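A.B. asks:
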Amino acid sequence: MMKEVLSMDHVSFSYQSEEGVTEKAIDDISFAVQQGEWIAIVGHNGSGKSTLAKLMIGLLFPDEGEVNVFIQKLSEANLWAIRSRMGFVFQNPDNQFVGSTVQDDVAFALENNGVPFTDMVTRVHESLAQVNMSNFHDHEPHHLSGGQKQRVAIAGALALKPELLLMDEATSMLDPQGRDEVIRVVEELKTKTGLTVISITHDLEEALLADRIVVMNKGKLLTTGTPTQIFARGDELEAIGLDLPFAMKVSRLLRESGMELFGEHMTEEELVNGLWTSHFSK
Amino acid sequence: MDISLQQVGYSYGRNTPFEKRALQGVDGTIKTGSYTAIIGHTGSGKSTLLMHLNGLLKPSEGIVQIGDTQITAGTKAKELKAVRRHVGIVFQFPEHQLFEETVEKDIMFGPMNFGVSKEESRKRAHELIELLGLPPDTAQKSPFDLSGGQMRRVAIAGVLAFKPSVLVLDEPTAGLDPRGRKEIMELFSRLHAEENLTTVLVTHSMEDAARYADNIIVMHNGHSVMAGTPQNIFGDEETLASFGLGVPRSVKLQRVVEKMIGRPLPVLALTEEDLATALARAASEEGDANA
Chain A
1 MMKEVLSMDH VSFSYQSEEG VTEKAIDDIS FAVQQGEWIA IVGHNGSGKS
51 TLAKLMIGLL FPDEGEVNVF IQKLSEANLW AIRSRMGFVF QNPDNQFVGS
101 TVQDDVAFAL ENNGVPFTDM VTRVHESLAQ VNMSNFHDHE PHHLSGGQKQ
151 RVAIAGALAL KPELLLMDEA TSMLDPQGRD EVIRVVEELK TKTGLTVISI
201 THDLEEALLA DRIVVMNKGK LLTTGTPTQI FARGDELEAI GLDLPFAMKV
251 SRLLRESGME LFGEHMTEEE LVNGLWTSHF SK
Chain X
1 MDISLQQVGY SYGRNTPFEK RALQGVDGTI KTGSYTAIIG HTGSGKSTLL
51 MHLNGLLKPS EGIVQIGDTQ ITAGTKAKEL KAVRRHVGIV FQFPEHQLFE
101 ETVEKDIMFG PMNFGVSKEE SRKRAHELIE LLGLPPDTAQ KSPFDLSGGQ
151 MRRVAIAGVL AFKPSVLVLD EPTAGLDPRG RKEIMELFSR LHAEENLTTV
201 LVTHSMEDAA RYADNIIVMH NGHSVMAGTP QNIFGDEETL ASFGLGVPRS
251 VKLQRVVEKM IGRPLPVLAL TEEDLATALA RAASEEGDAN A
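Here the protein sequences line up with chains A and X, keeping their order. Mapping the first sequence onto full-length UniProt numbering, position 60 (from 1) lands on 60, and the numbers just tick up by one. Mapping the second sequence onto full-length UniProt numbering, position 230 (from 1) lands on 230, and the numbers just tick up by one.
Below, the structure written as structure tokens:
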């Protein structure tokens, strides 16, 4: 039985500019996220992704429509109760550290939530182990690499045992290694814990790993579907300023150069297999 | 304008208990007209090195030679002004430095500060608005009413306005979406050619370094550890890996394909276009061999 974790029901939101002009940042968006799903929300700069994130955590409230989290309509009244069941990871790892050591930092939110000390110790250990940072308990957060910092930030969110993890461009400021580290950790979490993840991202390689992709364009929901369904519409994605995964780009270039290749190739493995069967296995 | 680094060292917080060494024994050459990429892991000293390229930092040891000017620990601040006219730096998130009421005024600020007349500065501002592909009515708009990508272009115009011959770029595409990234990188590539610039790009992206640069300097723990053409640098995957760096995706995929077909492809595929060409050729050779 599927259980809904979050849904948007005909949500619209406008920002008011200084001259009193209203601009619709979110325009009639509806979609639902089920328990255990990993959803990637992609879109160009200014497509409304970040506004969507703010609406999900009640930093903004919709002008029209409803945002439901854990089957309750999000409102001023239940905001804190709902947020306490969610974990957040933001774009800039340097803006979210408070503790002077890694373990203090992870413990911070637990302390705030009145978790007893003995529980706290176990939870800190567990959550750092989940992000492969067990050897860094006493390190200073500021001396870690970007990828390590974001993994500590994820551990901080996990320590609170959230039912939903929301990541807002959590990999966009990292170098390629850091990005891979973070994506690997989230993937592991997903398979081991069945955590529901909503990841807002530019990175289509990351989106490729999601169960479902929501594509935003100019405040509207352009389409939603599995990565295979979404990337089958490659031209449309390019037209709205998104980039195709690397293997798809190469596969398309090969076809343009007149090479025979069958099917779409979203991952490098698929492309290599495709090349092998059509051209090299004779 | 050639730039050379000879045994450059730099420490933050010198002679304090917090002294931290950021650069040591850095050597390197950036030839006039070259497009040089500086790559390295986070904390490798890339950004500190970059600030030496126009005298924002003076080396604690060694010599930074920029054209005819030698910068050492003892160089006086006023001697650096000439250098700064020739070397423009576009910092990360340069749009954070916009401050004027209108785009035109913001772009004019730099040249006027260097003593260019108001009329001439205004003329340059309008030329740059066009050159950077901004709509002409942008000139009288507030920079803060523009989109993120447009703000970044205005900030870049502000650096180009005093006509530097060397343009230093620190992660110029950070935070942009894929199309924005590509547009900005293509723009720099065009400027590099059309304005005869010497370009220095500090980047995390091996793909950008491979596609755009003709010279690469690799930094690691404050040392310059490799230097050479993209072919040389990215052909040596093992050494790069020892510095925590990878190769561009196209090279990675090339290696997988080479393993599969049991022979190397004749050239290193620095871009996906290179890779597609090499693969198509290899496949047709295979076809001929089996025909």
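All residues carry an ideal CB built from backbone N, CA and C; glycine is no exception. Every value quoted in this text rests on a predicted model; they were computed, and no experiment measured them.
By Cβ distance, which residues of its chain are closer than 7 Å to leucine 275(X), with the 5 residues on each side in sequence left out?
C.D. replies: Numbered from 1 along the second sequence, position 275 holds the residue referred to as residue 275(X). Cβ neighbours of leucine 275(X) beyond the five flanking positions: Ser250, Leu253, Gln254, Ala269.
A.B. asks: Given valine 98(A), which residues of its chain have a CB within under 7 Å of its CB, disregarding the five upstream and five downstream residues?
C.D. replies: Working through the first sequence from its first residue, we reach residue 98(A) at position 98. Asp105, Phe108, listed in sequence order.
A.B. asks: Could you check what DSSP says for glutamate 37(A) in three-state terms: helix, strand or coil?
C.D. replies: Position 37 of the first sequence, counting from 1, holds the residue named residue 37(A). If DSSP states are grouped into helix, strand and coil, glutamate 37(A) belongs with coil.
A.B. asks: Tell me the rounded alpha-carbon separation between leucine 261(A) and threonine 267(A).
C.D. replies: Walking along the first sequence from the start, residue 261(A) turns up at place 261. Walking along the first sequence from the start, residue 267(A) turns up at place 267. So the alpha carbons of these two residues sit roughly 14 Å apart.
A.B. asks: What is the residue span of the alpha helix (DSSP H) that isoleucine 82(A) lies within?
C.D. replies: Mapped onto the first sequence, residue 82(A) falls at position 82. Where isoleucine 82(A) is concerned, the enclosing alpha helix (DSSP H) stretches over 79 to 83.
A.B. asks: How is arginine 179(X) classed by DSSP in three states: helix, strand or coil?
C.D. replies: Walking along the second sequence from the start, residue 179(X) turns up at place 179. Helix at arginine 179(X).
A.B. asks: Strictly under 8 Å for the Cβ-Cβ distance: is glutamate 286(X) near chain A by that measure?
C.D. replies: Within the second sequence, numbered from 1, the residue matching residue 286(X) stands at position 286. Yes, its Cβ sits closer than 8 Å to a Cβ of chain A.
A.B. asks: Distance check for lysine 46(X) and glycine 222(X), CA to CA, integer angstroms please.
C.D. replies: Here residue 222(X) corresponds to residue number 222 of the second sequence, with the count starting at 1. Here residue 46(X) corresponds to residue number 46 of the second sequence, with the count starting at 1. Rounded to the nearest angstrom, the two C-alpha atoms are 8 Å apart.
A.B. asks: Along chain X, in chain order, which residues have C-beta atoms closer than 9 Å to that of glutamate 268(A)?
C.D. replies: For the purposes of this step, residue 268(A) is taken as the residue at position 268 of the first sequence. Within chain X, the residues near glutamate 268(A) are Arg249, Lys252, Leu253, Val256.
A.B. asks: Given that glutamate 273(X) touches chain D, what residues does it touch there, using C-beta distances under 7 Å?
C.D. replies: Protein chains in the displayed structure are A and X, and chain D is not among them.
A.B. asks: Which runs of the beta strand (DSSP E), 3 residues or longer, sit entirely within the stretch 157 to 210 of chain A?
C.D. replies: 164 to 168, 196 to 201
A.B. asks: Enumerate in chain order the residues of its own chain whose CB-to-CB distance from leucine 80(X) is below 6 Å, with the five nearest sequence positions on each side excluded.
C.D. replies: Numbered from 1 along the second sequence, position 80 holds the residue referred to as residue 80(X). Once the five neighbours on either side are set aside, the close Cβ partners of leucine 80(X) are Gly55.
A.B. asks: Tell me which same chain residues have a C-beta within less than 6 Å of the C-beta of valine 103(X), skipping the five on either side of it?
C.D. replies: Looking up residue 103(X) in the second sequence gives position 103. Within the same chain, valine 103(X) has close Cβ partners Thr138, Ala139, Lys141, Pro143, Val154.
A.B. asks: For chain A, check one thing: does any of its Cβ atoms lie closer than 8 Å to the Cβ of tyrosine 204(X)?
C.D. replies: Stepping through the second sequence from its first residue, residue 204(X) is reached at position 204. A small fix is needed here, since residue 204(X) is histidine in this sequence, not tyrosine. Closer than 8 Å to some Cβ of chain A, the Cβ of histidine 204(X) qualifies, so yes.
A.B. asks: Counting Cβ pairs closer than 8 Å, one from the stretch 208 to 224 of chain A and one from the stretch 252 to 259 of chain A, do we hit at least three?
C.D. replies: no
A.B. asks: For a test of the three-state rule: what should DSSP assign to lysine 24(A), helix, strand or coil?
C.D. replies: In the first sequence, counting from the first residue as 1, residue 24(A) sits at position 24. If DSSP states are grouped into helix, strand and coil, lysine 24(A) belongs with the strands.
A.B. asks: Would you kindly work out how many angstroms separate the C-alpha atoms of methionine 91(X) and threonine 118(A), rounded to a whole number?
C.D. replies: Here residue 91(X) refers to the residue found at position 91 of the second sequence. Here residue 118(A) refers to the residue found at position 118 of the first sequence. The displayed chain sequence assigns phenylalanine, not methionine, to residue 91(X). Each residue's Cα considered, the two are about 47 Å apart.
A.B. asks: Give, in chain order, every residue of the stretch 137 to 149 of chain X whose Cβ lies closer than 8 Å to some Cβ of chain A.
C.D. replies: From the stretch 137 to 149 of chain X, only Ser147, Gly148, Gly149 have a Cβ closer than 8 Å to chain A.
A.B. asks: When burial is assigned at 16 or more other CB atoms within 10 Å of the CB, is tyrosine 15(A) buried or exposed?
C.D. replies: If you number the first sequence from 1, residue 15(A) lands on position 15. Under the 10 Å beta carbon count, tyrosine 15(A) is surrounded by fewer than 16 other beta carbons and is classified as exposed.
A.B. asks: Select from His279(A), Pro245(A), Lys161(A), Glu236(A) the residue whose C-alpha is nearest the C-alpha of valine 257(X).
C.D. replies: Along the second sequence, one-based indexing puts residue 257(X) at 257. Nearest of His279(A), Pro245(A), Lys161(A), Glu236(A) to valine 257(X), Cα basis: His279(A).
A.B. asks: Return helix, strand or coil for glutamine 6(X), following the three-state DSSP convention.
C.D. replies: For this step, residue 6(X) is matched to residue 6 along the second sequence. Reduced to three states, the DSSP call for glutamine 6(X) is strand.
A.B. asks: From methionine 51(X) to valine 87(X), what does the alpha carbon distance come to, in whole angstroms?
C.D. replies: As a first step, residue 51(X) is located in the second sequence; it is residue number 51 there, counting from the start. As a first step, residue 87(X) is located in the second sequence; it is residue number 87 there, counting from the start. Taking the straight line joining both Cα atoms gives about 11 Å.
A.B. asks: Compute the distance between the beta-carbons of phenylalanine 31(A) and isoleucine 57(A), then report whether it is under 8 Å.
C.D. replies: Within the first sequence, the letter at position 31 stands for residue 31(A). Within the first sequence, the letter at position 57 stands for residue 57(A). No, the pair does not count as a contact, with Cβ atoms beyond the cut-off.
A.B. asks: For leucine 53(X), decide whether its Cβ has a neighbour in chain A, counting only Cβ atoms nearer than 8 Å.
C.D. replies: Locating residue 53(X) in the second sequence gives position 53, counting from the first residue. No, leucine 53(X) lies away from the interface with chain A (no Cβ there is under 8 Å from its Cβ).
A.B. asks: What do you get for asparagine 215(X), buried or exposed, if any count of 16 or more other CB atoms within 10 angstroms of its CB means buried?
C.D. replies: For the purposes of this step, residue 215(X) is taken as residue 215 along the second sequence, with counting starting at 1. Counting Cβ neighbours within 10 Å, asparagine 215(X) comes out buried, since at least 16 surround it.
A.B. asks: When you compare the CB of asparagine 95(A) with every CB in chain X, is at least one pair closer than 8 Å?
C.D. replies: On the first sequence, residue 95(A) is found 95 positions in, with the first residue counted as 1. At a cut-off of 8 Å, the C-beta of asparagine 95(A) has no neighbouring C-beta in chain X.
A.B. asks: Once DSSP output is grouped into helix, strand and coil, what is the label at histidine 10(A)?
C.D. replies: For the purposes of this step, residue 10(A) is taken as the residue at position 10 of the first sequence. Here histidine 10(A) carries a strand assignment [DSSP, helix/strand/coil].
A.B. asks: Between which residues of its own chain and proline 94(X) is the CB-CB distance below 7 Å, once the five residues before and five after are set aside?
C.D. replies: As a working mapping, residue 94(X) is identified with position 94 in the second sequence. Excluding sequence neighbours, proline 94(X) sits near Arg152, Ala155, Ile156.
A.B. asks: Which value, in whole angstroms, describes the spacing of the CA atoms of arginine 263(X) and glycine 147(A)?
C.D. replies: Locating residue 263(X) in the second sequence gives position 263, counting from the first residue. Locating residue 147(A) in the first sequence gives position 147, counting from the first residue. In a straight line, the C-alpha of arginine 263(X) is about 36 Å away from that of glycine 147(A).
A.B. asks: Out of Ser12(A), Pro176(A), Glu270(A), Glu23(A), which one is the CA nearest neighbour of isoleucine 67(A)?
C.D. replies: On the first sequence, residue 67(A) is found 67 positions in, with the first residue counted as 1. This sequence places valine at residue 67(A); isoleucine is not what is there. Here the closest residue by C-alpha is Ser12(A).
A.B. asks: Restricting to runs no shorter than 3 residues, where is the beta strand (DSSP E) found entirely within the stretch 53 to 79 of chain X?
C.D. replies: 61 to 66, 69 to 71
A.B. asks: For threonine 42(X), return the contacting residues in chain A, with the cut-off set at a CB-CB distance below 7 Å.
C.D. replies: The residue given as residue 42(X) occupies position 42 in the second sequence. Result: Ser145, Gly146, Asp175.
A.B. asks: So is proline 230(X) buried or exposed if we call it buried at 16+ other beta carbons inside 10 Å?
C.D. replies: Numbered from 1 along the second sequence, position 230 holds the residue referred to as residue 230(X). Buried.
A.B. asks: Straight-line CA distance for leucine 59(A) to serine 84(A)?
C.D. replies: On the first sequence, position 59 is the one that residue 59(A) refers to. On the first sequence, position 84 is the one that residue 84(A) refers to. Leucine 59(A) and serine 84(A): Cα-Cα distance of roughly 14 Å.
A.B. asks: Compute the Euclidean distance between the alpha carbons of valine 159(X) and isoleucine 107(X), then round it to the nearest angstrom.
C.D. replies: Here the question's residue 159(X) lines up with position 159 in the second sequence. Here the question's residue 107(X) lines up with position 107 in the second sequence. Between valine 159(X) and isoleucine 107(X), the alpha-carbon positions lie close to 8 Å from each other.
A.B. asks: Considering only DSSP beta bridges, list what isoleucine 39(X) is partnered with.
C.D. replies: In the second sequence, residue 39(X) corresponds to position 39, counting from 1. The partner list for isoleucine 39(X) (beta bridge, DSSP) reads Val218(X).
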